[in-house]
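See structure below.
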Amino acid sequence: MSKKKKQDDDVKSADLARFGQDSTGQYLTTDQGLRINDDQNSLKAGVRGSTLLEDFIQLEKITHFDHERIPERVVHARGAGAHGYFQVYESQARLTKAGFLQDPSLKTPVFARFSTVAGSRGSSDLARDVRGFAVKFYTKEGNYDLVGNNMPVFFIQDAVKFPDLIHAVKPEPHHEIPQAATAHDTFWDFISLMPESTHMVLWIMSDRAIPRSLRMMEGFGVHTFRFINAEGKSRFVKFHWKPLLGVHSVVWSEALEISGKDPDFQRRDLWESIENGDFPEWEFGIQIVEEEDENKFDFDLLDPTKLIPEELVPVQRIGKMVLNRNPQNYFAETEQVAFHPGHLVPGIDFTNDPLLQGRLFSYTDTQLTRLGGPNFHEIPINRSVAPVNNNQREGHMRQTINTGRVSYSPNTLGGGCPMQAAADISGFVSYPEKIDAQKVRGKSEKFFDHFSQASLFFNSQADWEQEHIVKAFQFELGKVEAPSVCERMVGMLAQVDKTLAGRVAAGLGIAVPAKLQLPLNRSVPADANPEDYQPKPARKSVGTSPALSMSSKPSEGIRTRKIAILAADGVDETALAAMKKALTAAGANCRVVAPRGGMLRGAGGTEIKVDHSLATTGSVLFDAVYIPGGTRSVATLGREADALHFISQAYKHCKTIAASGEGRGLVSPFTGNQGRNGDGEQFPGIILGPDRSIEKIAEDFIGAISRHRHWKREMKSEASG
Ligand code: HDD
Numbered sequence: 018m019s020k021k022k023k024q025d026d027d028v029k030s031a032d033l034a035r036f037g038q039d040s041t042g043q044y045l046t047t048d049q050g051l052r053i054n055d056d057q058n059s060l061k062a063g064v065r066g067s068t069l070l071e072d073f074i075q076l077e078k079i080t081h082f083d084h085e086r087i088p089e090r091v092v093h094a095r096g097a098g099a100h101g102y103f104q105v106y107e108s109q110a111r112l113t114k115a116g117f118l119q120d121p122s123l124k125t126p127v128f129a130r131f132s133t134v135a136g137s138r139g140s141s142d143l144a145r146d147v148r149g150f151a152v153k154f155y156t157k158e159g160n161y162d163l164v165g166n167n168m169p170v171f172f173i174q175d176a177v178k179f180p181d182l183i184h185a186v187k188p189e190p191h192h193e194i195p196q197a198a199t200a201h202d203t204f205w206d207f208i209s210l211m212p213e214s215t216h217m218v219l220w221i222m223s224d225r226a227i228p229r230s231l232r233m234m235e236g237f238g239v240h241t242f243r244f245i246n247a248e249g250k251s252r253f254v255k256f257h258w259k260p261l262l263g264v265h266s267v268v269w270s271e272a273l274e275i276s277g278k279d280p281d282f283q284r285r286d287l288w289e290s291i292e293n294g295d296f297p298e299w300e301f302g303i304q305i306v307e308e309e310d311e312n313k314f315d316f317d318l319l320d321p322t323k324l325i326p327e328e329l330v331p332v333q334r335i336g337k338m339v340l341n342r343n344p345q346n347y348f349a350e351t352e353q354v355a356f357h358p359g360h361l362v363p364g365i366d367f368t369n370d371p372l373l374q375g376r377l378f379s380y381t382d383t384q385l386t387r388l389g390g391p392n393f394h395e396i397p398i399n400r401s402v403a404p405v406n407n408n409q410r411e412g413h414m415r416q417t418i419n420t421g422r423v424s425y426s427p428n429t430l431g432g433g434c435p436m437q438a439a440a441d442i443s444g445f446v447s448y449p450e451k452i453d454a455q456k457v458r459g460k461s462e463k464f465f466d467h468f469s470q471a472s473l474f475f476n477s478q479a480d481w482e483q484e485h486i487v488k489a490f491q492f493e494l495g496k497v498e499a500p501s502v503c504e505r506m507v508g509m510l511a512q513v514d515k516t517l518a519g520r521v522a523a524g525l526g527i528a529v530p531a532k533l534q535l536p537l538n539r540s541v542p543a544d545a546n547p548e549d550y551q552p553k554p555a556r557k558s559v560g561t562s563p564a565l566s567m568s569s570k571p572s573e574g575i576r577t578r579k580i581a582i583l584a585a586d587g588v589d590e591t592a593l594a595a596m597k598k599a600l601t602a603a604g605a606n607c608r609v610v611a612p613r614g615g616m617l618r619g620a621g622g623t624e625i626k627v628d629h630s631l632a633t634t635g636s637v638l639f640d641a642v643y644i645p646g647g648t649r650s651v652a653t654l655g656r657e658a659d660a661l662h663f664i665s666q667a668y669k670h671c672k673t674i675a676a677s678g679e680g681r682g683l684v685s686p687f688t689g690n691q692g693r694n695g696d697g698e699q700f701p702g703i704i705l706g707p708d709r710s711i712e713k714i715a716e717d718f719i720g721a722i723s724r725h726r727h728w729k730r731e732m733k734s735e736a737s738g
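Be aware that the sequence shown starts at 18, since it is given in the working numbering, and climbs by one per residue.
Now the structure itself:
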């Protein structure tokens, strides 16, 4: 059904509903199934009289409404979800016995939820933050949840610190300010005392924390897990999601503006692309480390603040996830979905990563509060497709009607059922890892190398990425009121890279402290040298890992990119139509943006539908802009401050701009009238061209948009002042 037809039908059914009947002939009822005769007037003592307490219809309706809200997630409250499927490319039996990784013809249903971490449910999508990347696989062996993030490392090495981290990042408790932001004193106070956060903080200050789209970000399982095959052989594994649209971000000033123009920017983008049939896709990647190689790295595989560089252990792409169906009801599905890193299937198991181990308690515990009791697995979105048989009974909101008298094990009265399953018929057996240890509160010596991988990350960034990191630190620490916090933080950055620290300090107007200011770590094993258990300086030559830079992630074409066509009455409709045709053929979504809504009349008299008026949109909501010719159209746009702002924002955010005919005049402030054809070294990402046909301009435009942004433009304007 077309969107338009569906909308018309919705309107018709709304009309009918007013008379108590919808288009399918169903009557309005109470929750008990009683047909309601009048749902629009409360029961009164006379038309001007008081409402009667006996109005049970109103009481039921309002009581239900009063209880509509449930506690939001304590973290990851704001999110968007979608259904889809996962398919493995070829059997992974050599590595794991997990059923959903065996058969390339099997499509395992999935539900994915993406989220920001710090903000409340009503905050903005484009907050600087990690994005949650959680996937529930409904496998025939039970639900498997991969509850990851869009960054491969984490802030802390031990789950016991998680409440402190979250208290520090959430709005400050005395005035509940700021919402969904790390730019405040308590966050940086905590971080400046937590050297293990340094690596993650560099990721957070990078543009990875402001993705262009949820469809254009990577996902990571973060921890090291185990794969176990049918012979019982265990190997270490790290999980990755690689988006097929490439990895792209917006820039900070753009994010700030998007948060005002469209706080639902990323949620809308995910929803619309699925509605349009542009299904988001990620390849599933694994990095495998043999058990015997566990100690060959200069970091500990159990340390979640470290990644395994892809150059050391390549990522093998073993399957694909496609999200092809939006939820029917946000609350029932996206809000009530309950993930848990402990939802495992045979063939996958944990390691002793202390962050992972603590998570295993937290997720069940939080659902008890959030979803009201221990029966949250019965909510449709959480139900396993594998049959559920056990002796767990009753509790709030129990849905299953268990029959019979037996709810214990062992039993004979129930024929011994439900029975325990042997390992060879998918009975889960924990990996029999050998343990011979003393009880201790502490961590291994390698955990104390907090700065080497932070340096590796910074070194691996392109110049524009480094610049954005510096600016992000300047912004965030610039908001901090306690000078001592900024000094400690800059001191920490000096351990990562002296120039980084110097540039951040210069922006803050402070000096880089001579040495690291941290309290002594006192958790040292009895027989160890305390020196080995203090933060170590970064290793001398950490090198680079090109895979860590977004500039190394290829993007294919311009599929699903949003392109604005700026026009007014009198526009050159032939050029507009030709450009739209070429862009649409390349998979982009074009929108005509004009000074007002309704219809435009082209120079030749053709009527053109306006998709957005300038008042309701902005350049920040698009990937590129095209300005066709037409004397009257261009003159009108030239008088519109919003139109000029649109073009200058596109320029500032390094987006591709194309113009033909008189439209070139609106771009001349940026090319100084010099660039005849634009593009190239001098005017990167600006496609003009009296010497080119509209088809050629379109071709060059598409090529330039597929490069996402033209960062040289930004670096150039930096250099010139
Ligand atoms: Fe967590 C939710 C990811 C550490 C405690 N976490 C949550 C979600 C994601 C992650 C994606 C949202 C799931 C959804 O969409 O419903 N969390 C991570 C990652 C971590 C991590 C990748 C580190 C590698 N988390 C972590 C720790 C703890 C928690 C150390 C507690 C000790 N996380 C929770 C929670 C949440 C949660 C409080 C809130 C809502 C929920 O679980 O269902 O239990």
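Every residue gets a Cβ at the ideal spot worked out from N, C-alpha and C, and that includes glycine.
In this structure, does DSSP put VAL164 in helix, strand or coil?
Taking the sequence shown and counting its residues from 1, one reaches residue 164 at position 147. Here VAL164 sits in strand by DSSP.
Alpha carbon to alpha carbon, what distance is there between GLN345 and GLN38?
Stepping through the sequence shown from its first residue, residue 38 is reached at position 21. Stepping through the sequence shown from its first residue, residue 345 is reached at position 328. Model confidence at GLN38 stands at a pLDDT of 49, short of 50, so the residue's coordinates are unreliable; what they give is reported in the following sentence. GLN345 has its alpha-carbon roughly 21 angstroms from the corresponding atom of GLN38.
Following the continuous alpha helix (DSSP H) through PHE179, name the residue where it begins and the one where it ends.
Against the sequence shown, residue 179 aligns to sequence position 162. In the DSSP assignment, PHE179 falls within the unbroken alpha helix (DSSP H) covering 179-186.
Beta-ladder partner(s) of THR351, from DSSP
Taking the first residue of the sequence shown as 1, we reach residue 351 at position 334. DSSP, once it has assigned bridges, lists no residue as partnering THR351.
Quick one: residues in its chain with C-beta nearer than 6 angstroms to the C-beta of VAL446, no 5 flanking neighbours on either side, listed in chain order?
Here residue 446 refers to the residue found at position 429 when the sequence shown is read from its first residue. Taken in chain order, the residues that qualify are ALA440.
Is PRO190 helix, strand or coil by DSSP?
For the purposes of this step, residue 190 is taken as residue 173 along the sequence shown, with counting starting at 1. Of the three classes helix, strand and coil, the one that applies to PRO190 here is coil, per DSSP.
Would you say HIS394 touches ligand 1, meaning its beta carbon is less than 8 angstroms from a heavy atom?
Translated into the one-based positions of the sequence shown, residue 394 becomes position 377. HIS394: no, Cβ never under 8 angstroms from ligand 1.
Does the beta carbon of ASP382 fall short of 8 angstroms from some heavy atom of ligand 1?
Against the sequence shown, residue 382 aligns to sequence position 365. Distance from the C-beta of ASP382 to the nearest heavy atom of ligand 1 is below 8 angstroms.
Can you tell me where the alpha helix (DSSP H) holding ILE664 begins and where it ends?
Translated into the one-based positions of the sequence shown, residue 664 becomes position 647. 658-669 is the span of the alpha helix (DSSP H), which, as asked, contains ILE664.
Going along the chain, which residues of its own chain have a beta-carbon closer than 6 angstroms to the beta-carbon of GLU327, five neighbours each way excluded?
Along the sequence shown, read from residue 1 onward, the residue named residue 327 stands at position 310. Answer for GLU327: ALA564, listed in chain order.
Using a Cβ cut-off of 9 angstroms (strictly closer), state whether TYR106 contacts chain D.
Considering every chain present, this structure includes no chain D. It has just one protein chain.
Here's a check: name, in chain order, each residue in its chain whose Cβ is nearer than 8 angstroms to the Cβ of LYS463, leaving out the five neighbours to either side.
By 1-based counting over the sequence shown, the position of residue 463 is 446. Residues of the same chain with a CB within less than 8 angstroms of the CB of LYS463, apart from the 5 flanking positions on each side, are ASP315, PHE316, ASP317, ASP320 in chain order.
Could you tell me the distance, in whole angstroms, from the CA atom of ARG576 to the CA atom of ILE722?
Walking along the sequence shown from the start, residue 576 turns up at place 559. Walking along the sequence shown from the start, residue 722 turns up at place 705. Distance between the alpha carbons of ARG576 and ILE722: 10 angstroms.
Neighbour-count burial assignment, TYR161, 16 or more Cβ in a 10 Å radius
Here residue 161 refers to the residue found at position 144 of the sequence shown. So TYR161 counts as buried.
Can you give me the C-alpha to C-alpha distance between SER566 and GLY375, rounded to a whole angstrom?
Here residue 566 corresponds to residue number 549 of the sequence shown, with the count starting at 1. Here residue 375 corresponds to residue number 358 of the sequence shown, with the count starting at 1. About 31 angstroms.
Excluding five sequence neighbours on each side, which residues of the same chain lie with their C-beta closer than 6 angstroms to the C-beta of ALA272?
For this step, residue 272 is matched to residue 255 along the sequence shown. So the list reads LEU143, ILE227, once near-sequence residues are dropped.
Could you tell me the distance, in whole angstroms, from the CA atom of GLY692 to the CA atom of PRO686?
Numbered from its first residue, the sequence shown carries residue 692 at position 675. Numbered from its first residue, the sequence shown carries residue 686 at position 669. Confidence is the limiting factor: at GLY692 the pLDDT is only 48, short of 50, which leaves the residue's position unreliable and the question unanswerable from this model.
Of the listed residues PRO542, LYS597, GLY390, TRP481, nearest to PRO765 (C-alpha basis):
Residue 765 is absent from the model: the chain starts at 18 and stops at 738.
Residues bridged to TRP258 by DSSP?
For the purposes of this step, residue 258 is identified with residue 241 of the sequence shown, where counting begins at 1. Answer is GLY236, PHE301.
Is there at least one non-hydrogen atom of ligand 1 closer than 8 angstroms to the beta-carbon of SER650?
By one-based count along the sequence shown, residue 650 stands at place 633. False, no ligand heavy atom lies under 8 angstroms from that Cβ.
Between ARG681 and LEU705, which are expected to be in contact by the criterion C-beta below 8 angstroms, what is the C-beta distance as a whole number of angstroms?
Locating residue 681 in the sequence shown gives position 664, counting from the first residue. Locating residue 705 in the sequence shown gives position 688, counting from the first residue. The pair is a contact, with the Cβ atoms about 5 angstroms apart (cut-off 8 angstroms).
Have a look at ARG243 and GLY159 and give me their C-alpha separation to the nearest angstrom.
Taking the first residue of the sequence shown as 1, we reach residue 243 at position 226. Taking the first residue of the sequence shown as 1, we reach residue 159 at position 142. If you take the alpha carbons of ARG243 and GLY159, they lie about 18 angstroms apart.
Whose C-beta lies closer than 8 angstroms to the C-beta of GLU573 among residues of the same chain, with five residues either side of it excluded?
The residue you call residue 573 lines up with position 556 of the sequence shown. Its chain contains LEU261, LEU262, GLY263, SER723 as the residues whose beta carbon lies nearer than 8 angstroms to that of GLU573, once the 5 sequence neighbours on both sides are disregarded; these appear in chain order.
Go ahead and pull the three-state DSSP assignment for ALA641.
Translated into positions along the sequence shown, residue 641 becomes position 624. ALA641: strand per DSSP, three-state reduction.
Is ARG400 near ligand 1, judged by its Cβ being under 8 angstroms from some heavy atom?
Looking up residue 400 in the sequence shown gives position 383. ARG400 Cβ: outside cutoff for every heavy atom of ligand 1.
How about ILE87 and ARG387: are their beta carbons less than 9 angstroms apart?
If you number the sequence shown from 1, residue 87 lands on position 70. If you number the sequence shown from 1, residue 387 lands on position 370. A contact, by the Cβ cut-off of 9 angstroms.
Beta-carbon spacing of ALA115, VAL362 below 9 angstroms
Against the sequence shown, residue 115 aligns to sequence position 98. Against the sequence shown, residue 362 aligns to sequence position 345. Yes, these two residues count as a Cβ contact at 9 angstroms.
Pull up the distance between the alpha-carbon of MET732 and that of ALA522, whole angstroms please.
Within the sequence shown, the letter at position 715 stands for residue 732. Within the sequence shown, the letter at position 505 stands for residue 522. So the two alpha carbons sit approximately 20 angstroms from each other.
If we ignore side chains and look at the alpha-carbon of each, how far apart do GLU493 and THR203 end up?
The sequence position of residue 493 within the sequence shown is 476, counting from 1. The sequence position of residue 203 within the sequence shown is 186, counting from 1. Taking the straight line from one Cα to the other gives about 12 angstroms.
Mind the definition here: the region 667-679 touches the region 584-597 only if three or more C-beta pairs lie below 8 angstroms; say whether that holds.
Touching, yes.
Roughly how many angstroms lie between the CA atoms of HIS191 and ASN166, to the nearest whole one?
Stepping through the sequence shown from its first residue, residue 191 is reached at position 174. Stepping through the sequence shown from its first residue, residue 166 is reached at position 149. Each residue's CA atom was taken as its position, placing HIS191 and ASN166 some 30 angstroms apart.
Is the beta carbon of LEU631 sitting closer than 9 angstroms to the one on VAL559?
Position 614 of the sequence shown, counted from the start, is the residue given in the question as residue 631. Position 542 of the sequence shown, counted from the start, is the residue given in the question as residue 559. No, they are not a contact pair.
Taking Cβ positions, are ALA471 and HIS727 nearer each other than 9 angstroms?
Position 454 of the sequence shown, counted from the start, is the residue given in the question as residue 471. Position 710 of the sequence shown, counted from the start, is the residue given in the question as residue 727. Note that the C-beta distance between ALA471 and HIS727 is not below 9 angstroms.
Buried or exposed: where does GLN57 fall if 16 or more other Cβ atoms within 10 Å of its Cβ makes it buried?
Here residue 57 refers to the residue found at position 40 when the sequence shown is read from its first residue. Counting the other CB atoms within 10 Å of its CB gives GLN57 a total below 16, which places it among the exposed residues.
Is ASN343 a contact residue of ligand 1, with contact defined as CB to any heavy atom under 8 angstroms?
By one-based count along the sequence shown, residue 343 stands at place 326. Outside the cutoff, so no.
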